[in-house]
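Comments concern the structure below.
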Amino acid sequence: MFYWAAIIIILCAMLVLYRAIKGPIICDRVLAINAIGTKAVILIALSGYIFERPHFLDIALTYALINFIATIAFQKYREMGRLD
Amino acid sequence: MSFGPTTFISAAGSTPVLVIVIPLLAAMLAPIVSRIHRSVGWYLATTATFIAFLLSLSLLYTVIDGGTVSYRMGSWAPPMGIEYVVSYFNGFVLAVIAFISFIITLYGKKSVEQEIPEQKIPFFYSAYLLFIAGIMGIVITGDIFNLYVFVEITALSGYALIAMGKDRKALMASYNYLILGTIGATFLVLGIGYLYIATGTLNMNDLMQRLPEIYDSTTVITAFAFIMVGLCLKLALFPLHIWLPNVYTYSPSIVSALMAATSTKVMAFVLLRIMFTVFTPEFVLEVVPVTKILIVMSCVAIIMGSLIALGQTNIKRMLAYSSIGQIGYITLGAAIATETAMTGSLIHILNHALMKGMLFMVVGAVVYKTGIVNIKDMEGLGKRMPWTMAAFTIGAMSMIGFPFTVGFISKWYLATGAIGAGMWYLVPVLLVSSIMTAFYFWRVVESVYFKGRSARIDTLKSPHHSDEAPFGMVVTTLFLAGLCIYFGLWASGPVEVAKNAAAFLLGS
Amino acid sequence: MIEIILGKYNYWIYIALMMIGFYAMIAKENLVKKILGMNIFQTGVILLYVSISKVSGGTVPIIWDKGGPYDNPLPHVLMLTAIVVSVSTTAVALALIVRIYKSYGTIEDDQIVVINSHDGDKEIPSEKASTII
Amino acid sequence: MSEHIVIKRVSNFIIPFIQLFSLYVIAHGDISPGGGFQGGVIFGASIILYVIAFGMKDGRTRISEILTDFMNSIGVLLFAGIGLACVIMGGAYLEYTKLAGSAGEGHGSHAEHALHLAGHLGIYGIEIGIGIVVASVMITIFFETANTQDDD
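Residue numbers (the numbering used here), protein chains in the order written: chain X, 1115 to 1198; chain D, 14 to 521; chain C, 832 to 964; chain Y, 28 to 179.
Dropping the structure here:
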């Protein structure tokens, strides 16, 4: 069950990866990278279930935070040309 | 907390770790206490290096009296925990490093104040002390991964120190060193990884015991090759030397002196240590003919270093190329691998640290006073800075290998070692390189003493002040010059230690 | 032959990564691209260490009441150190690049070489020197 | 970024939780994934998020340059200081159990408990030191690289 969910998520990530590589404009790529990050979060949580290790949830949480900050930082840089 | 007698006993027993922790603590205190007064950083650095020097001296005496000292971090037993080992061999190098860094710190107050922007001085001393702590850690650690970590600590603080040079080329020198240094360190860690795959341990003693059974395995030979290439890159053996001249030329004077006196020497020491105490002499002599390759490479380094130094006009760059040649002497002694030659190699670590540190200190004093770095601008400097230039002459004579100077001692041991090993064809190499050394130092000495004043010096003339460099700089430089003579005349002390260390390395 | 390729695929991947990074470090002119190459280079080594720590059937080396064989935690810890080293090297390199850009106006290696050769080997400026003597 | 009210509100809401989480990661470093380094990175990331949302000037009033400089040093001093404290208490460097002092001597559950506690507290101290260093280094690097003013 969890295995299948993980496989489907990996497939979805690959679809999004296509958009990230192909993406004609920068917004597509940023959105795609963000989506891949979100999928990675769920994948980490799922592998926590698969290996029966609840510790993985901590890692997923951290990854979600970093992903969020990275997206905001990138968007700000794209819009303002600087980070401060 | 109670300060009973146990405190002092355990503190005395903890000398191996205190040698590193005290510069480290001082490095971290430097930015804080510099807010009180800006010159506090120098006092802190001097105190810390002085304490480290005393501790390393006491360690050396402990080792001479009672044999190898082993220290367990956190009381974890060696194969599991990190072990600090002080034997004859590295106790000697540790004392040399601590002494030289103390003298250079003592020397550097005025030079740093002139060359480093004022608001950066606290961070300069922080990086400086971190560099010293790292270099001592490299010498003292008995754990091979810990060695890598210390190599990187040294390198990282080194990059920051170099980049503080005034010329903008210092930035590019630092960047190129960063790229090549990282390649070297990564090869080192890769080799360590292969050793770990093959044996399952990272402790050097443990490795030495477990490796001989599997000397013919490809993994071990690959590991050895990676480690050798990485270290040769770090110690700037001839074809891998390109990062070094720019680094020595453009970094601040005190950093040039410190790095020339310690960093490549320590890497040569690590090379010796890996070749003879992690692997055994049988391995490097018989299983893999690395000593034969190293002899050829060392000869090329000796000749080419001197040859390129002949053509330099910038004195710092000339000394840098001369360093590349001198590194060849150390590796040559290691590659001949007889006790006499190894003694020459080890004693050359001390001697070259003295000579090259002193020569760079002289150049630092000249730069401090006049800003001159070109040899042809130095004409007539002998009259204006007599003491500094006298020290330079002694250093030059010592580099050439004049009798009654330290340079002679190490060349003597290397030459007799080479003849003793039946490699008489190495003696002409030493002779030719000495002659070339004489040539390129003669250019400087001639320009300093036997030419009229250059136009550049006349423009700097002012009747009100003495022309000599500040007292602190001159005294420390002359002290090292005196040591160059002293250890040339009464060489038995260091030679005895080096001989014991060589015997220890060769396992006899 | 096929066992060598498939059975030891972690080594192939790490070698490929290292060589990609090494190529970028040597061949690229852009200083930032060199640093990217350096990161890939170091990541290759990290991959080697982490992959050799795998014990077949082992689980994550965090003590857990289910027990069972654990992977070897030592290479993981070593690589934590190596990652810290790698991050600090990158930080130092980027700081250097910022300063190089400020003083040279470019981060292309070949252009900097040209600028340096125009500069010549002039003296270290010493503004205090003329006033001291 | 005055008009970006969404990011500001979200950041305001989320930053305390990020910081709390970072403390959790540091505190549980000895028995679960994480530790000083990871917790420090998360804490540093929260400050970076603040600066991105509210601007450099506002960020510097919250975390001044002096503070990050001090944090840089104090973290390492904490680490080295705990090691030295172990030496002063008569043990080896970083031998935490010696921190129990006289309570850890002898046998019985009481002494064992003291040793256990000293070991854990020693590791906590080290983790907190590392966390402080990593967080302040992250913040310093971000401030230095994001700074667009020419102040060199």
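Ideal Cβ placement from N, Cα and C applies to all residues, glycine included.
Beta carbon of residue i nearer than 8 Å to that of residue j
{"i": "residue 875(C)", "j": "residue 837(C)", "result": "no"}
{"i": "residue 916(C)", "j": "residue 459(D)", "result": "no"}
{"i": "residue 250(D)", "j": "residue 340(D)", "result": "yes"}
{"i": "residue 174(D)", "j": "residue 489(D)", "result": "no"}
{"i": "residue 304(D)", "j": "residue 298(D)", "result": "yes"}
{"i": "residue 261(D)", "j": "residue 183(D)", "result": "no"}
{"i": "residue 156(Y)", "j": "residue 78(Y)", "result": "no"}
{"i": "residue 1134(X)", "j": "residue 1146(X)", "result": "yes"}
{"i": "residue 883(C)", "j": "residue 906(C)", "result": "yes"}
{"i": "residue 126(Y)", "j": "residue 149(Y)", "result": "yes"}
{"i": "residue 247(D)", "j": "residue 206(D)", "result": "no"}
{"i": "residue 266(D)", "j": "residue 131(D)", "result": "no"}
{"i": "residue 311(D)", "j": "residue 348(D)", "result": "yes"}
{"i": "residue 41(D)", "j": "residue 100(Y)", "result": "yes"}
{"i": "residue 326(D)", "j": "residue 873(C)", "result": "no"}
{"i": "residue 281(D)", "j": "residue 149(D)", "result": "no"}
{"i": "residue 161(D)", "j": "residue 208(D)", "result": "no"}
{"i": "residue 63(Y)", "j": "residue 56(Y)", "result": "yes"}
{"i": "residue 42(Y)", "j": "residue 73(Y)", "result": "yes"}
{"i": "residue 344(D)", "j": "residue 284(D)", "result": "yes"}
{"i": "residue 480(D)", "j": "residue 398(D)", "result": "yes"}
{"i": "residue 491(D)", "j": "residue 400(D)", "result": "yes"}
{"i": "residue 519(D)", "j": "residue 352(D)", "result": "yes"}
{"i": "residue 296(D)", "j": "residue 228(D)", "result": "yes"}
{"i": "residue 109(D)", "j": "residue 362(D)", "result": "yes"}
Residue i: first and last residue of the uninterrupted alpha helix (DSSP H) it sits in
{"i": "residue 96(D)", "result": "Element bounds for residue 96(D): not the alpha helix (DSSP H) but the beta strand (DSSP E), 96 to 99."}
{"i": "residue 498(D)", "result": "484 to 502"}
{"i": "residue 67(Y)", "result": "63 to 81"}
{"i": "residue 510(D)", "result": "505 to 518"}
{"i": "residue 138(Y)", "result": "136 to 173"}
{"i": "residue 1177(X)", "result": "1170 to 1194"}
{"i": "residue 20(Y)", "result": "Because chain Y is modelled from 28 through 179, residue 20(Y) falls outside the range shown and cannot be assessed."}
{"i": "residue 834(C)", "result": "833 to 838"}
{"i": "residue 277(D)", "result": "277 to 286"}
{"i": "residue 464(D)", "result": "Element bounds for residue 464(D): n/a, residue is neither H nor E."}
{"i": "residue 434(D)", "result": "Here residue 434(D) belongs to no alpha helix (DSSP H), and DSSP marks it neither H nor E."}
{"i": "residue 395(D)", "result": "394 to 397"}
{"i": "residue 263(D)", "result": "256 to 263"}
{"i": "residue 1143(X)", "result": "1140 to 1164"}
{"i": "residue 124(Y)", "result": "Premise fails: residue 124(Y) is in no alpha helix (DSSP H) and is neither H nor E."}
{"i": "residue 179(D)", "result": "Run containing residue 179(D): none; DSSP gives neither H nor E here."}
{"i": "residue 239(D)", "result": "231 to 248"}
N-terminal and C-terminal residue of the beta strand (DSSP E) that residue i is part of
{"i": "residue 1117(X)", "result": "Run containing residue 1117(X): none in the beta strand (DSSP E); it sits in the alpha helix (DSSP H), 1116 to 1136."}
CA nearest to the CA of residue i, picked from the options
{"i": "residue 1180(X)", "options": "87(Y), 96(Y), 75(Y), 85(Y)", "result": "75(Y)"}
{"i": "residue 499(D)", "options": "368(D), 449(D), 388(D)", "result": "368(D)"}
{"i": "residue 338(D)", "options": "258(D), 287(D), 279(D), 356(D)", "result": "258(D)"}
{"i": "residue 328(D)", "options": "416(D), 380(D), 515(D)", "result": "380(D)"}
{"i": "residue 112(D)", "options": "507(D), 88(D), 62(D), 278(D)", "result": "62(D)"}
{"i": "residue 443(D)", "options": "429(D), 280(D), 455(D)", "result": "429(D)"}
{"i": "residue 504(D)", "options": "480(D), 426(D), 519(D), 485(D)", "result": "426(D)"}
{"i": "residue 1158(X)", "options": "1150(X), 1171(X), 1148(X)", "result": "1171(X)"}
{"i": "residue 360(D)", "options": "226(D), 243(D), 218(D), 278(D)", "result": "278(D)"}
{"i": "residue 898(C)", "options": "1165(X), 1128(X), 1183(X), 1121(X)", "result": "1165(X)"}
{"i": "residue 496(D)", "options": "446(D), 34(D), 225(D), 411(D)", "result": "411(D)"}
{"i": "residue 394(D)", "options": "451(D), 446(D), 432(D), 461(D)", "result": "461(D)"}
{"i": "residue 457(D)", "options": "33(D), 404(D), 494(D)", "result": "404(D)"}
{"i": "residue 171(D)", "options": "937(C), 920(C), 939(C)", "result": "920(C)"}
Cross-strand partners of residue i (DSSP beta bridge)
{"i": "residue 901(C)", "result": "890(C)"}
{"i": "residue 156(D)", "result": "216(D)"}
{"i": "residue 387(D)", "result": "327(D)"}
{"i": "residue 781(C)", "result": "The structure shown has nothing for residue 781(C), since chain C only spans 832 to 964."}
Whole beta strand (DSSP E) runs in the stretch 80 to 134 of chain D with 3 or more residues, listed along the chain? 82 to 85, 96 to 99
Quick one: which unbroken alpha helix (DSSP H) runs of 4-plus residues sit fully inside the stretch 292 to 337 of chain D? Chain order, please. 303 to 323
What ranges does the beta strand (DSSP E) occupy inside the stretch 34 to 64 of chain Y, keeping only unbroken runs of at least 3 residues that lie completely in it? none
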